[in-house]
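Have a look at the structure below before the remarks.
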Amino acid sequence: MTAKETLAECRIEPGVTNNKNGNIMVLPGRIWKRDDLMLIATGSPACVRGVYNTAVKLNKLHQYRYCLMEAIDLENYEKWLTKLDDVLHNALGEPWLGGVVIYASCLDFLHKAILNRFVEDAEKKATVPIKILYRGAVVPQKKPLEEFLAELLDEIPEGKGKLSTEEKSLPAMQTDFAGLADMLQEWDTYNLMVDAGGCTECFSLPKSWRQNYHLKKSRFSSFGALKSCQLTFPDIIKEDWNTSGNEKPCCLFQSPIPKISKFDMDLLRKNLHRSGIDEVYCFKTDGFHSHIEGISNAMLQLYNGSHSEKVPVKQPLIGILGSSRMQSASLDKIGHGIEHIEWDGYGAMFPKDNLLNSWGNLNSVKMNWVVSAQGVFLAQKIQETQGIPYIAAIPVGARSMKLWLNKINGYMNSNKALAEVPDKTSLRREEKVLLLGDPVLTLGIYRFLREMLGFHQIELALYAPFHSLREWYNQAVPLIMANGLGDCQRPEIHLFSDREQWLELASGCDIIIGDNTFNIFGALSYKIWINITDPSLYAGEEEMNDKYLFFGKKGAAWLENKIHRQKPI
Numbered sequence: 321m322t323a324k325e326t327l328a329e330c331r332i333e334p335g336v337t338n339n340k341n342g343n344i345m346v347l348p349g350r351i352w353k354r355d356d357l358m359l360i361a362t363g364s365p366a367c368v369r370g371v372y373n374t375a376v377k378l379n380k381l382h383q384y385r386y387c388l389m390e391a392i393d394l395e396n397y398e399k400w401l402t403k404l405d406d407v408l409h410n411a412l413g414e415p416w417l418g419g420v421v422i423y424a425s426c427l428d429f430l431h432k433a434i435l436n437r438f439v440e441d442a443e444k445k446a447t448v449p450i451k452i453l454y455r456g457a458v459v460p461q462k463k464p465l466e467e468f469l470a471e472l473l474d475e476i477p478e479g480k481g482k483l484s485t486e487e488k489s490l491p492a493m494q495t496d497f498a499g500l501a502d503m504l505q506e507w508d509t510y511n512l513m514v515d516a517g518g519c520t521e522c523f524s525l526p527k528s529w530r531q532n533y534h535l536k537k538s539r540f541s542s543f544g545a546l547k548s549c550q551l552t553f554p555d556i557i558k559e560d561w562n563t564s565g566n567e568k569p570c571c572l573f574q575s576p577i578p579k580i581s582k583f584d585m586d587l588l589r590k591n592l593h594r595s596g597i598d599e600v601y602c603f604k605t606d607g608f609h610s611h612i613e614g615i616s617n618a619m620l621q622l623y624n625g626s627h628s629e630k631v632p633v634k635q636p637l638i639g640i641l642g643s644s645r646m647q648s649a650s651l652d653k654i655g656h657g658i659e660h661i662e663w664d665g666y667g668a669m670f671p672k673d674n675l676l677n678s679w680g681n682l683n684s685v686k687m688n689w690v691v692s693a694q695g696v697f698l699a700q701k702i703q704e705t706q707g708i709p710y711i712a713a714i715p716v717g718a719r720s721m722k723l724w725l726n727k728i729n730g731y732m733n734s735n736k737a738l739a740e741v742p743d744k745t746s747l748r749r750e751e752k753v754l755l756l757g758d759p760v761l762t763l764g765i766y767r768f769l770r771e772m773l774g775f776h777q778i779e780l781a782l783y784a785p786f787h788s789l790r791e792w793y794n795q796a797v798p799l800i801m802a803n804g805l806g807d808c809q810r811p812e813i814h815l816f817s818d819r820e821q822w823l824e825l826a827s828g829c830d831i832i833i834g835d836n837t838f839n840i841f842g843a844l845s846y847k848i849w850i851n852i853t854d855p856s857l858y859a860g861e862e863e864m865n866d867k868y869l870f871f872g873k874k875g876a877a878w879l880e881n882k883i884h885r886q887k888p889i
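Residue numbers (this note's numbering): 321 to 889.
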C-alpha cells in the first residue's frame, strides 16, 4: 500500500471543531421536520448521545428515543434486540404516530442482516411504517445519505397529527473517553483518540472549553482500513505529532469501533515509542462506559504506573482527589475548603499539578480529601498500599465544617484544639426532599438538611443509565459513606436509569435539588427545584449555568436562601 493510499484510508484530524453541521445534526433534523415521526437511535453511548445533543438543540426530545448498546450487550446482539423491542413497543404506543425511523450505528451495521429481519417482522405487526437508516463513519454508502433519507421518508405517508410533547427520554450521559479527554486538558499533552471517525460528535462543550481544546482523532474509511492500517498508522501519527505535539507526552485512547475490531492499542503504543516518542500513555477506554468510570480508571492507571517513592515536602500536604470540570466538585466549588486547609498550615496537592509520570507524589501526603465519587477508588488504593487515610465529604454548614476540620486535624496529627461542634436542630419538617447528583456532595447536603434544617423525609438518587455504572456505584457508595464525617444516619441511595423509575422517585416531592435537565416531564408536581448543574449531562454550547455554592457556611446560606425565599414553581 502506498503512502497516498494509506492517507486516503486513514487520517488524523481535530477531535473537536466548531463545525456543527455534520450528518448527526442535519439528518435527524430532516426527520424531525415531520411532527409525526419518532427517531430511535441505537448504538454505543457516543452514538445515542450525539443524537440526543441534536434533539436538545432542536427542541425535539419528544420525538427521540434511544436504545443503548453497552459492553454486556456486545456478547449477544440478538439478546440486545429485546431491549430495542421494548423501546420500539413504547414508541408505537404514542398517539398520532405516523412512523418510526431507526437511526442505526456502525455497531448495528455489523449485524445488518439480523437487524433488518427484526425490523421487517416488527413492521408486519405495526400499524405504521418502521424504517432503518444506517449511519456512521465506516458504514459504506452507495449514494449520499441525504438522498437515501429522502427516499426513505417518501415511503412513510404523512400523518394526521403531532406527537405529544409530554413523553421524553432521560438524558444520554457522557462517555469514558469524553471524560478522559477533558481530564487531559489539564496537561500539555498530545492527545489522540483512535476512532472510526464520528464518535466525538457526542461531546458537548461550552464555547470557552471548545477554544484550544487539544484533542486529535483518527478517521478510517472502512472497517477493513482500520485493520489494514494497523502497521502504517504509527507513521501517520508520528508525522502529526512532529507538527503539533513535538516533545509532548502522547496520550492514546479509543472509541467503540477500534475496541470491537480488536485494534491493538498496546502494539501502537510500543511502535510510537520505538519511533522516538519517549513518553506514550495508553488509557483503557472503549466508549461503552461512563465518564465517571473513565476518569476514575485513568487516575488509578496514572498512580499505578508512576514512581512510588515519597518526595521531600516543605509542609504537611493533603491530596485533593476528584476535582474535575466534568463533576460538581470543580475547583471554584471547593475553593473555600482549600482556603481552610491553607489557613490551618497545610498544603493542598492536586494530582493535576503533577506530571503524568509523577502521580506517585501522592504517597507524600498525610491524608486525602475526596471531593467527588471519581476520586474514591484512588483514595482507597492509597490507603490500602500506603496507610494514608482519607475523608470523602463536602461539608455543608457550620456543624459539618467543624466535624470536617476536626477530622482533618486528627489525621494530620495536629495539636490544635478540637473545634466545638454545634448541636443538631430539634426542628422537624415534613416536606419531602429529593437529592440528585454526586454522592459525596448530596450526602453533605443531606446531613445539613436533616441536622440543621429539620427535614426528615429526604431521598437520595443517582442517575446510572449504564449497567457498569450501577455496579461501580454499588462499590463506591459504601466507601464514601464509611469515610465521611460519621455521626449521621446513613441514608439509602437509589439508582435509576429510566423514565418510570425517575417519575416514581420524584412523585410527591416538595423540593428537588439536582440538575434541571431532569425537569422535562409535565407529570412532576414539585414546589421548588434548586439546580445543580451536572456537566456530564450538558448538551449545549453556551456557558453552563453552574452558579451555586455548597461548601461550608457560605454554601449553607446559599441553600437556605434558595429553600426559604425562592418562589414555588
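Heads up, the beta-carbon is just placed ideally off N, CA and C, and yes, glycines get one too.
By the DSSP assignment, the alpha helix (DSSP H) with residue i in it spans what residues?
{"i": "Met503", "result": "496-503"}
{"i": "Ser724", "result": "Ser is not the amino acid found at residue 724; the sequence shown has Trp there. Its alpha helix (DSSP H) spans residues 718-731."}
{"i": "Val376", "result": "365-377"}
{"i": "Gly544", "result": "543-548"}
{"i": "Lys451", "result": "First-last for Lys451: 450-454, but that is the beta strand (DSSP E), not the alpha helix (DSSP H)."}
{"i": "Gln821", "result": "819-826"}
{"i": "Phe468", "result": "465-474"}
Helix, strand or coil: how does DSSP classify residue i here?
{"i": "Trp663", "result": "helix"}
{"i": "Ile850", "result": "strand"}
{"i": "Lys324", "result": "No answer about Lys324 holds up, because its pLDDT of 47 lies below 50 and its placement is not dependable."}
{"i": "Lys558", "result": "helix"}
{"i": "Lys752", "result": "strand"}
{"i": "Gln694", "result": "helix"}
{"i": "Asn803", "result": "coil"}
{"i": "Leu620", "result": "helix"}
{"i": "Trp416", "result": "coil"}
{"i": "Cys426", "result": "helix"}
{"i": "Lys582", "result": "coil"}
{"i": "Asn688", "result": "strand"}
{"i": "Gln383", "result": "helix"}
{"i": "His611", "result": "helix"}
{"i": "Ile889", "result": "Per-residue confidence for Ile889 stands at a pLDDT of 38, beneath the threshold of 50, marking its modelled position as unreliable; the derived number appears in the next sentence. Coil."}
{"i": "Val633", "result": "coil"}
{"i": "His884", "result": "helix"}
{"i": "Thr563", "result": "helix"}
{"i": "Ile892", "result": "In the structure as shown, the chain starts at 321 and stops at 889, and residue 892 therefore has no counterpart that could be examined."}
{"i": "Thr520", "result": "helix"}
{"i": "Thr362", "result": "strand"}
{"i": "Gly625", "result": "coil"}
What span of residues does the beta strand (DSSP E) with residue i cover, start to end?
{"i": "Phe438", "result": "Unbroken run through Phe438 is the alpha helix (DSSP H), 432-445; no beta strand (DSSP E)."}
{"i": "Asn511", "result": "510-514"}
{"i": "Ile831", "result": "831-834"}
{"i": "Lys537", "result": "536-540"}
{"i": "Glu333", "result": "330-334"}
{"i": "Tyr710", "result": "710-712"}
{"i": "Gln574", "result": "570-574"}
{"i": "Tyr311", "result": "The requested residue 311 is not part of the displayed model; the chain covers only 321 to 889."}
{"i": "Leu782", "result": "775-783"}
Among the options, whose alpha-carbon lies nearest the alpha-carbon of residue i?
{"i": "Leu408", "options": "Ala366, Glu398, Ile422", "result": "Ile422"}
{"i": "Gly834", "options": "Ala859, Glu779, Asn803", "result": "Glu779"}
{"i": "Cys602", "options": "Trp689, Lys630, Met513, Val633", "result": "Met513"}
{"i": "Cys808", "options": "Gln531, Met772, Ala618", "result": "Met772"}
{"i": "Trp452", "options": "Val420, Tyr858, Pro636, Ala411", "result": "Reading off the sequence, residue 452 comes out as Ile, not Trp. Out of Val420, Tyr858, Pro636, Ala411, Val420 has the C-alpha closest to the C-alpha of Ile452."}
{"i": "Tyr766", "options": "Ile832, Asp854, Phe543", "result": "Ile832"}
Roughly how many whole angstroms lie between the Cα atoms of residue i and residue j?
{"i": "Ala323", "j": "Phe553", "result": "Since pLDDT at Ala323 reaches only 47, below the 50 mark, its modelled position is unreliable, and no value is offered."}
{"i": "Thr485", "j": "Ala718", "result": "44 Å"}
{"i": "Asp502", "j": "Leu682", "result": "21 Å"}
{"i": "Tyr846", "j": "Leu535", "result": "42 Å"}
{"i": "Gln703", "j": "Met687", "result": "9 Å"}
{"i": "Val448", "j": "Phe468", "result": "20 Å"}
{"i": "Glu662", "j": "Leu725", "result": "12 Å"}
{"i": "Ile889", "j": "Asp830", "result": "Residue confidence is low: Ile889 scores 38 on pLDDT, short of 50, so the model does not pin down where it sits. No coordinate-derived value is stated."}
{"i": "Phe768", "j": "Ala877", "result": "11 Å"}
{"i": "Glu333", "j": "Glu750", "result": "56 Å"}
{"i": "Arg770", "j": "Tyr510", "result": "47 Å"}
{"i": "Ala737", "j": "Glu880", "result": "30 Å"}
{"i": "Ser266", "j": "Leu504", "result": "Within the shown structure, residues of the chain are numbered from 321 to 889, placing residue 266 beyond reach of any answer."}
{"i": "Tyr666", "j": "Lys353", "result": "59 Å"}
So, under 8 Å CB-CB, residue i and residue j are touching, yes? Tell me the CB distance rounded to an integer number of Å.
{"i": "Gly764", "j": "Pro715", "result": "6 Å"}
{"i": "Cys426", "j": "Ala457", "result": "7 Å"}
{"i": "Asp818", "j": "Leu490", "result": "7 Å"}
{"i": "Tyr384", "j": "Tyr372", "result": "7 Å"}
{"i": "Ile711", "j": "Val690", "result": "7 Å"}
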